[in-house]
Amino acid sequence: MTELIILKLGGSVITKKKEDKAEINEEVLQRIASEISGAMKERKVSLMVVHGAGPFGHVPAREYGLDTGLRDNRQVKGFSITHHSMERLNLLVIDALRKSGLNAIEFQPSSVGILKNEKLVHFPTRALEGILRIGLIPVAYGDVLMDEEKGVGILSGDHLVPYLAKKLNASRVIIATDVAGIFDSDPKGNRNARLIPRINSENIGALSIGNSTTTDVTGGMQRKVRELLNLEIESEIISALEPGLVKKALLGERNIGTVIRK
Ligand code: ATP
Ligand code: IP8
Numbered sequence: 010m011t012e013l014i015i016l017k018l019g020g021s022v023i024t025k026k027k028e029d030k031a032e033i034n035e036e037v038l039q040r041i042a043s044e045i046s047g048a049m050k051e052r053k054v055s056l057m058v059v060h061g062a063g064p065f066g067h068v069p070a071r072e073y074g075l076d077t078g079l080r081d082n083r084q085v086k087g088f089s090i091t092h093h094s095m096e097r098l099n100l101l102v103i104d105a106l107r108k109s110g111l112n113a114i115e116f117q118p119s120s121v122g123i124l125k126n127e128k129l130v131h132f133p134t135r136a137l138e139g140i141l142r143i144g145l146i147p148v149a150y151g152d153v154l155m156d157e158e159k160g161v162g163i164l165s166g167d168h169l170v171p172y173l174a175k176k177l178n179a180s181r182v183i184i185a186t187d188v189a190g191i192f193d194s195d196p197k198g199n200r201n202a203r204l205i206p207r208i209n210s211e212n213i214g215a216l217s218i219g220n221s222t223t224t225d226v227t228g229g230m231q232r233k234v235r236e237l238l239n240l241e242i243e244s245e246i247i248s249a250l251e252p253g254l255v256k257k258a259l260l261g262e263r264n265i266g267t268v269i270r271k
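Okay, structure coming up:
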């Protein structure tokens, strides 16, 4: 297989997460899609996209308490509502990618994945490998899943990305979000926060990394960094709000955000 890149599009970029509204940022999403398309014309790589949820997933998941396990029947309805909302978002992302000429297709996590105590323990990838091999771009997302211990649970895109990167032997992971990378403290709360160009197991302890400032049931930035630090593959957190950076990252440019490597 050609070199594989996994690109995570953060919910804070593609949706109105700041306003807690289940709507997409249409212009930003279309601009990112055209950057991906531009990069794919210049460089032959396989690409898998995973996108986050923003309010499409986090708001109903919180409302129905899906992040704390299955306790009553009302949550079964919540499962269906949350998943359906994620499918709507997924379709909008795929529409944007297809409009830019990319052959993107949905890859639905809840129909194949199983969690155990919030950890992904089963996610068959044979179909995914075939899809990538013929040049399609599978687009997965954070979703509600069966959880063998808790009944139901939330699979964050931030958990799925490192899992797949390892299993599919990706060469690079790019996490596109709404800030320029990881700062020594949340840049949204501290104007003097400093961008940290590289994070490893030695300097992580000195940084104050928080959750998201909006509704987020999966642990926000803190979890992203923790998950990526455990990965043997290099990853980089970049801003997708700055035009051009997604394209640069896909073309192989490094050190444009925060590079994470154990
Ligand atoms: P989603 O989880 O919906 O896909 P996302 O991945 O785009 O969304 P968040 O999980 O909301 O993004 O994480 C991004 C947010 O993390 C930033 O908007 C910022 O406010 C917050 N954050 C907290 N601490 C830090 C830090 N030390 N450095 C950078 N961002 C931080
Ligand atoms: O935004 C969360 O995915 P994430 C998925 O990638 C749901 O953490 C359903 C809340």
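In this note's numbering, the protein residues as written are 10 to 271.
Cβ coordinates follow ideal geometry from the N, Cα and C atoms, glycine included.
As the crow flies, the alpha-carbon of residue 83 is around 34 Å from that of residue 57.
Under the DSSP definition of a beta bridge, residue 150 partners with 60. Residue 211 has its alpha-carbon roughly 42 Å from the corresponding atom of residue 90. Ranked by Cα distance from residue 41, the options 93, 190, 24 and 54 are led by 24.
Relative to the ligand IP8, the beta carbon of residue 150 is positioned inside 8 Å of a heavy atom.
Approximately 4 Å separates the beta-carbon atoms of residue 19 and residue 186; this is inside 8 Å, confirming the contact. Per the coordinates, the alpha-carbon of residue 61 lies some 7 Å from the alpha-carbon of residue 17.
Where residue 32 is concerned, the enclosing beta strand (DSSP E) starts and stops at 30 to 33.
Excluding the 5 residues flanking it on each side, residue 106 has same chain C-beta neighbours closer than 6 Å at 42 and 113, in chain order.
Within the chosen limit of 8 Å, the ligand ATP reaches the beta carbon of residue 220 through at least one heavy atom. With 16 or more other Cβ atoms from the protein chains shown falling within 10 Å of its own Cβ, residue 99 counts as buried. DSSP places residue 267 outside any alpha helix (DSSP H); the residue lies instead in the beta strand (DSSP E), whose first and last residues are 267 to 269. Secondary-structure assignment with DSSP links residue 255 through no beta bridge to anything. Of 28, 182, 76 and 191, the smallest CA-CA separation from residue 159 is found for 76. Out of 143, 109, 111 and 170, the CA that lies nearest to the CA of residue 132 is found in 170. If you compare the alpha carbons of 168, 49, 134 and 163 with that of residue 109, the shortest gap goes to 49.
Look at residue 191: its beta carbon is less than 8 Å from one of the heavy atoms in the ligand ATP. Between residue 119 and residue 68, the gap from beta carbon to beta carbon reaches 9 Å or more.
Taking the C-beta atoms as reference points, residue 250 is found no nearer than 9 Å to residue 156. Within the DSSP bridge table, the entry for residue 155 names 123 and 161 as partners. For the pair residue 184 and residue 257, the CB atoms are not nearer than the 9 Å cut-off. Residues of the same chain with a CB within less than 6 Å of the CB of residue 218, apart from the 5 flanking positions on each side, are 230, 231 and 234 in chain order. Residue 202 sits in coil when the DSSP states are folded into three classes, being neither helix nor strand.
When secondary structure is reduced to three states using DSSP, residue 249 falls in the coil class, being assigned neither helix nor strand. Cα atoms of residue 254 and residue 181: separation of roughly 15 Å, rounded to the nearest angstrom. For residue 22, the enclosing alpha helix (DSSP H) begins and ends at 20 to 23.
When the alpha-carbon of residue 123 is set against those of 34, 93, 168 and 248, the nearest one is in 168.
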